[in-house]
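Trainee: Mind looking over this structure? Questions follow.
In the working numbering, the protein residues as written are 272 to 391.
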């Protein structure tokens, strides 16, 4: 059985993954229909841009709530003051690694969609 990486089960990060997966799924499902229906490679890129704008709004909301829930401003201040132990940062660092990985994977997918649309 495959286990989730540390930090992946944090509720805000699960929601962020759902936002990315939903947009990616919509693009993947609609890509062929859009390219065929409009007979132009611009349509999938235009739809990707519009969906990405909404994804940015929703991801920003999720990440702001995550930052509040984890008191990241306080953590940053404690790091600056050197008053926090490295072991106290483990969970947050794991979670931020998950955010980075999921965001990178999503951006790679978007770039692939745009490249396919441009090649069509």
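Virtual Cβ for every residue (Gly too), placed ideally from N, Cα, C.
Which term fits residue 289, buried or exposed, when burial requires 16 or more other beta carbons within 10 angstroms of its beta carbon?
Mentor: Mapped onto the chain shown, residue 289 falls at position 18. Per the 10 Å Cβ criterion, exposed.
Trainee: Residues in the same chain with beta-carbon distance under 6 Å from residue 329, minus the five sequence neighbours each way, listed in chain order, please.
Mentor: Taking the first residue of the chain shown as position 1, residue 329 is located at position 58. Excluding residues within five positions, the ones whose Cβ falls inside 6 Å are 290.
Trainee: Using only the alpha-carbon positions, how far apart do residue 339 and residue 301 sit?
Mentor: Position 68 of the chain shown, counting from 1, holds the residue named residue 339. Position 30 of the chain shown, counting from 1, holds the residue named residue 301. Approximately 35 Å, taken between the alpha carbons.
Trainee: With DSSP run on the structure shown, which of helix, strand or coil describes residue 354?
Mentor: Residue numbering aside, residue 354 sits at position 83 when the chain shown is read from its first letter. Three-state DSSP puts residue 354 in coil, outside helix and strand.
Trainee: Taking just the CA atoms, how far does residue 344 sit from residue 337?
Mentor: Locating residue 337 in the chain shown gives position 66, where the first residue counts as 1. Locating residue 344 in the chain shown gives position 73, where the first residue counts as 1. So the alpha carbons of these two residues sit roughly 11 Å apart.
Trainee: Can you give me the C-alpha to C-alpha distance between residue 361 and residue 371, rounded to a whole angstrom?
Mentor: As a position in the chain shown, residue 361 is number 90, starting the count at 1. As a position in the chain shown, residue 371 is number 100, starting the count at 1. Going by the C-alpha atoms only, they are around 15 Å apart.
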